[in-house]
Amino acid sequence: MKKILNILIFNILIFNILIFNILIFNILIGDAYAAISPTPEETLTRERINALTNKIASRVAQLKLVEKRGAIGKVTDVSNTQITLGDVNGNTRFVDVDEFTKFISGSKSFGISDIKKGQKIGVLGLYNKESRRMLARVIEVLKIPDFIHGAVSEINSKNFSIEVALENGKRITLEVESSTKTLSFDSEKSELIRSGFSKIKEGENIIVIGFFSQKDPGVIIGSKIILLPGIPKNPKIKILPKPSPTEGSVSPTPTASGKKTTSY
């Protein structure tokens, strides 16, 4: 009798284990099925999450690639949608213009069609590190004077103009006006003192601050002149001596007898 009871208890235990395993299996199968076949609402939610994730990732990549930056330079070329600048370091910068670009100038109506070669402009926009181009948000025409450092190669007292020799072998004409302020460096006092056109000497070291003429790029209108007497000029600046008189340029001089002789 005891043996039969033990067998019965063992069978009941086996049956319970089987029932428990079946329940666990059904639960796992149900979860797997739910994961494989989500509801329409779950599908829509997942699509929105994926779209938002991709958008955020794309925006983060753009933020790493683009930064706000400003630039100042002289216009070397201009079209309907692009401006090419040459900055003070000699680098070429490309500026793109769109319908959101704002132009600032002294005139009321101003746009990219009013930008001219040789103008100095300031640009504030978005710089793309990959393309190395700037998308302009604000463009302003600047009135910044030019700085010229050279040596006096010739003085024209009649026209109040000076020829200045530069390091690159070029020559520019400096026009001195009544408003031009001339200063000279006093090495003993270590300060700038007032000077004048008549005190300028050939071969002298000179710094010119002014604006280039719109009509002639080889002429600069002087706003301020700084003379550096006693300070040697840049050895790379060459000042060619004036040609000596030749036979074709001699002038006859009358003598006491009334005859003209040639003086050299």
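Per the working numbering: the sequence shown = residues 243 to 506. Beta carbons are placed, not taken as given, at the ideal position from N, Cα and C, and that holds for glycine. Quick caveat, the model's predicted, so the values are computed rather than measured.
- Task: Could you tell me which residues DSSP puts in a beta bridge with residue 463?
- Result: 417, 453
- Item | Of the listed residues 433, 363, 434, 341, nearest to residue 326 (C-alpha basis) | 363
- Message: Alpha carbons only, please: which of 323, 469, 382, 439 is nearest the one belonging to residue 398?
- Response: 439
- Message: Give me the residue from 403, 390, 422 with the minimum Cα distance to residue 443.
- Response: 403
- Task: Return the first residue and the last residue of the beta strand (DSSP E) that residue 395 is part of.
- Result: 388 to 398
- residue 490 to residue 449, Cα distance in whole Å? Annotation note: pLDDT 45 at residue 490 (below 50); position unreliable, coordinate value reported separately. Roughly 37 Å between the two C-alpha positions.
- State the Cα-Cα distance for the pair residue 376 and residue 369, rounded to the nearest angstrom. 4 Å
- Task: Compare the C-alpha of residue 388 against each of 411, 405, 464 and name the closest.
- Result: 464
- Task: Could you check the C-alpha separation between residue 419 and residue 467 for me, to the nearest Å?
- Result: 11 Å
- Query: Mind pulling the beta strand (DSSP E) runs of 3 or more residues that sit fully within the stretch 333 to 386?
  - Reply: 334 to 338, 344 to 346, 362 to 370, 375 to 384
- According to the Cβ coordinates, are residue 394 and residue 378 closer than 8 Å? no
- Task: Please state whether DSSP places residue 405 in a helix, a strand or coil.
- Result: strand
- Item | Unbroken beta strand (DSSP E) run spanning residue 309, endpoints | 308 to 320
- Task: Could you tell me which of 286, 408, 324 sits nearest to residue 396, measuring between CA atoms?
- Result: 408
- Task: Assign residue 373 to buried or exposed, taking buried as 16 or more other Cβ atoms, counted over all protein chains shown, within 10 Å of its Cβ.
- Result: exposed
- Query: Would you call residue 472 buried or exposed, if buried means 16 or more other Cβ atoms sit within 10 Å of its Cβ?
  - Reply: exposed
- Query: Mapping DSSP to helix, strand and coil, what is residue 501?
  - Reply: At residue 501 the pLDDT is 38, less than 50, meaning the model places this residue with poor confidence; the figure from the coordinates comes in the next sentence. Residue state, collapsed to three classes: coil.
- Message: Which same chain residues end up closer than 8 Å to residue 413 when comparing Cβ atoms and leaving out the 5 residues on each side of it in sequence?
- Response: 395, 405, 406, 407, 460
- Item | DSSP-derived helix/strand/coil call for residue 426 | strand
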